[in-house]
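Written below as structure tokens is the structure these notes are about.
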Amino acid sequence: MPASVSESAYDRRRLRQWLAGEARADGVSRRDMLRLLAAAGLATAAAPALAAPATAATAPGIVKALPDDRFTVRGTNAETKFASLADTGYHTPNDRFFVRNHTSTPVLDAAEWTLTVHGDGLTGTTPVVFSLDDLKSLPAVTRTAFVECAGNGRSFFTSQQGQSVSGTAWTLGAIGTARWRGARLADVLRHAGLGHHAVDVLPRGLDADYVTADGTDLGRVRRPLPLSKALDDVLLAYEMNGEPLPYDHGHPVRVLVPNWIGIASIKWVGDIEVAAQPLYSPWNTDFYRLFGTSHPEGGSAPLTRQTLKSAWELAWNAPLAAAAEHRLTGRSWSGAGGVVRVDVSTDGGTTWSRARLHDAPRRAGWVRWSTDWTPPTPGAYTLLARATDSTGRTQPDTTVHNTQGYLFDAVVRHPVEAV
Ligand SMILES: Nc1nc2c(c(=O)[nH]1)N[C@H]1C(S)=C(S)[C@@H](COP(=O)(O)O)O[C@H]1N2
Ligand SMILES: [Mo]
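Going by my numbering, the sequence shown opens with residue 950, and the numbers climb by one from there.
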């Protein structure tokens, strides 16, 4: 064996020992060690165990802390690292929940906040104004639901399918599941005097106007919601996991539209137009439709329900000790119904087995699962997880391309490194 090969094998073993706390690196910065690990193809998932000051990135306009071990900052947005969910329960703690901001978080005072409901779909002609106390005097409803960006998983169109798409290059962490508490939008609309001719409602955020990269001002973030959905299971939420809504997630009140793409759940809602005619905004015309050669000329219908996905609670290229048994965990979810089955493969899709499910299938929620695995020898492995939901849909091998990279649902190939 050429000396360079055995030296590199030894170096890998030494790096592995360092990860396990069995090697010293006095006088070498942690950053340099992480660089060596990356260069050796050993990722840094195990490194947080080391005593080192936690570092945090900042995203322009996000209020909460974004520590490096929990978030990846992408422009004005922060993606949750799926590996950091491994020690959380069913609900995503508020301090780990992803943030998707078109502009920046407005810090609003709950005592000053009001919601104005207006439009020709109301029986009266004057707007009806609600304070937070008014909303709280209506029956309170608690619902567990995920919020997931329509573009979650977008980067895999490129990395797995070789296709180009526009938008934030999320991996799988643009999702979180919380317990939301608030008033029913249906109750608020009825109190405001819902007329018989109303067809669409248009909630609008109090954050700044959204200006596109080419300088076009699209106005406030807003997206029409058909009345049928508005009256079904939509909340005006003022609590998230038992706390007042955090600033970044819509304080003091957001719309919460279970199962639908994240954009429907307008944060920092300030007014809701109730219209007797169908409404449009850039968020249901240019954005959030499927465009591309496999879709109708003018685009698909506006997107509503989320699709089906699975994610491992592991870092990309996570190092795992070879010849040792690991309990690998993950989560799967669907906007169409509960996840009833998850199949997993640890050999790139050659053989499959069923993962143990730890939650009952739950509409609007995810299912936690696990599988035990002993990597036989050191080397690179590819993990796959494929979910099936209660409607019988199963994650496909590839997702049909659309130019904005929405609704990626294919099985993701997750590399790990047995060391
Ligand atoms: N007012 C307002 N509401 C908004 C947005 C926004 O930028 N402004 N982003 C939307 C998008 S695209 C998503 S995916 C979700 C993200 O919710 P979160 O930041 O609480 O995770 O909020 C939606 N509601
Ligand atoms: Mo989104």
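Quick reminder that beta carbons are idealized off the backbone N, C-alpha and C, glycines included.
Let's see if you can read the secondary structure: which residues bound the alpha helix (DSSP H) around residue i?
i, result
"Val1066", "Per DSSP, Val1066 belongs to no alpha helix (DSSP H); it is in the beta strand (DSSP E), 1063–1067."
"Val1204", "It is not in any alpha helix (DSSP H) - Val1204 instead sits in the beta strand (DSSP E) that spans 1203–1205."
"Thr1107", "1104–1108"
"Ala1141", "1134–1141"
Considering only residues of the same chain and omitting the five flanking positions on each side of residue i, which have a CB-CB separation below 6 Å?
i, result
"Thr1120", "Ser1104"
"Pro1231", "Leu1167"
"Thr1065", "Pro1076, Val1078, Asp1220"
"Ala1059", "Leu1081, Pro1201"
"Ala998", "Unreliable placement is indicated for Ala998, whose pLDDT of 42 sits below 50; the coordinate value is still reported in the next sentence. Closer than 6 Å at the Cβ level, and outside the excluded window around Ala998, lies no residue."
"Gly1068", "Glu1222, Val1223, Ala1224"
"Thr1253", "Trp1209"
"Gly1248", "Arg1238, Phe1240"
"Gly1010", "Thr1025, Asn1050, Ser1053, Thr1054"
"Val1349", "Ser1243"
Below 8 Å on the Cβ atoms is my contact criterion, and I expect residue i with residue j to pass it. Report the Cβ-Cβ distance as a whole number of Å.
i, j, result
"Glu1262", "Leu1015", "Incorrect: roughly 19 Å between the Cβ atoms, too far for contact."
"Asn1266", "Pro1364", "5 Å"
"Tyr1355", "Leu1239", "6 Å"
"Leu1184", "Leu1134", "7 Å"
"Asp1136", "Leu1087", "5 Å"
"Val1148", "Pro1251", "About 14 Å separates the two Cβ atoms, so there is no contact after all."
Can you tell which of the options has the C-alpha that lies nearest to the C-alpha of residue i?
i, options, result
"Val1288", "Leu1185, Gly1116, Gln1344, Val1349", "Gln1344"
"Gly1298", "Thr1331, Asp1321, Pro1310", "Thr1331"
"Thr1234", "Ile1212, Thr1025, Ser1243", "Ile1212"
"Asp1308", "Thr1326, Ser1281, Asp1296, Ala1334", "Ser1281"
"Ala1285", "Leu1084, His1363, Thr1065, Ile1210", "Ile1210"
"Pro1324", "Ala1273, Gly1354, Gly1279, Asp1338", "Ala1273"
"Ser1101", "Val1368, Val1361, Ser1302", "It is Asn, not Ser, that sits at residue 1101 in the sequence shown. Closest by alpha carbon: Val1361."
"Asp1181", "Leu1138, Ala1008, Asp1069, Gly1111", "Leu1138"
"Gly1073", "Thr1037, Val1223, Lys1178", "Val1223"
"Arg1172", "Pro1268, Val1349, Val1218, Leu1184", "Val1218"
"Tyr1196", "Tyr1229, Val1183, Gly1154, Lys1178", "Gly1154"
"Gly1111", "Val1293, Thr1347, Arg1317, Asp1358", "Thr1347"
"Asp1358", "Leu1134, Ala1008, Gln1109, Leu1269", "Gln1109"
"Ser909", "Gly1328, Val1293, Pro1327, Trp1301", "The structure shown has nothing for residue 909, since the chain only spans 950 to 1368."
"Arg1023", "Val1048, His1040, Tyr1039, Thr1037", "Val1048"
"Ala1367", "His1275, Leu1269, Glu1188", "Leu1269"
"Tyr1187", "Thr1278, Arg1203, Leu1333, Trp1301", "Arg1203"
"Thr1161", "Gly1116, Asn1190, His1198, Thr1242", "Gly1116"
"Asp1296", "Ala1329, Gly1279, Thr1041, Ser1177", "Ala1329"
"Leu1194", "Ala1006, Trp1301, Gly1131", "Gly1131"
"Val1012", "His1198, Gly1122, Leu1071", "His1198"
"Ala1304", "Ser1283, Pro1327, Thr1326, Leu1333", "Leu1333"
"Cys1098", "Arg1342, His1275, Leu1257, Lys1178", "Leu1257"
"Glu1192", "Arg1335, His1140, Thr1091, Asp1321", "Thr1091"
"His1040", "Ala1027, Glu1061, Val1096, Gly1142", "Val1096"
In terms of residues, what are the limits of the beta strand (DSSP E) holding residue i?
i, result
"Val1078", "1077–1080"
"Val1090", "1089–1097"
"Asp1296", "Taken as a continuous stretch (DSSP letters only), Asp1296 belongs to no beta strand (DSSP E), as it is neither H nor E."
"Asp1182", "No beta strand (DSSP E) contains Asp1182, which DSSP labels as neither H nor E."
"His1363", "1363–1367"
"His1369", "Summary: the structure shown does not reach residue 1369, with the chain confined to residues 950 through 1368, and so no result is reported for it."
"Thr1337", "1328–1338"
"Arg1317", "1315–1322"
"Glu1028", "1026–1029"
"Ser1259", "1257–1261"
"Thr1021", "1020–1023"
Residues in the same chain with beta-carbon distance under 7 Å from residue i, minus the five sequence neighbours each way, listed in chain order, please.
i, result
"Thr1063", "Val1078, Phe1079, Ser1080"
"Leu1113", "According to the sequence displayed, residue 1113 carries Ser and not Leu. These residues qualify, in order along the chain: Thr1107."
"His1244", "Asn1351"
"Ala1000", "At Ala1000 the pLDDT is 41, less than 50, meaning the model places this residue with poor confidence; the figure from the coordinates comes in the next sentence. No residues qualify anywhere along the chain."
"Pro951", "At Pro951 the pLDDT is 41, less than 50, meaning the model places this residue with poor confidence; the figure from the coordinates comes in the next sentence. The answer is none, since no qualifying residue turns up."
"Leu1176", "Ala1147, Val1148, Asp1149, Val1150"
Taking 7 Å as the cut-off, is the CB of residue i close to at least one heavy atom of ligand 4?
i, result
"His1067", "No copy of ligand 4 appears in this structure; the ligands present are ligand 1 and ligand 2."
Sort out for me which residues DSSP pairs residue i with in a bridge.
i, result
"Leu1057", "Answer is none; Leu1057 lacks a bridge partner."
"Asp1149", "Pro1175, Ala1224"
"Glu1192", "Met1189"
"Ala1272", "In DSSP, Ala1272 forms no bridge with anything."
"Pro1006", "Note that residue 1006 corresponds to Ala in the displayed sequence, not to Pro. Answer is Leu1015, bridged to Ala1006."
"Ala1267", "Val1365"
"Leu1306", "Trp1318"
"Asp1166", "Val1160"
"Val1288", "Asp1338"
"Ile1124", "Glu1097"
"Trp1209", "Arg1254"
Between which residues of its own chain and residue i is the CB-CB distance below 8 Å, once the five residues before and five after are set aside?
i, result
"Ala1094", "Thr1126, Ala1127, Trp1129, Leu1205, Pro1207, Asn1208, Ala1313, Gly1314"
"Arg1019", "Thr1029, Lys1030, Ser1033, Asp1044, Arg1045"
"Pro1310", "Gly1286, Gly1287, Val1288, Val1289, Val1316, Asp1338, Ser1339"
"Asp1156", "Asn1050, His1051, Thr1052, Ser1053, Thr1054, Pro1055, Arg1169, Val1170, Lys1216, Trp1217"
"Thr1300", "Ser1294"
"Ala1179", "Leu1134, Ala1135, Leu1138, Val1150"
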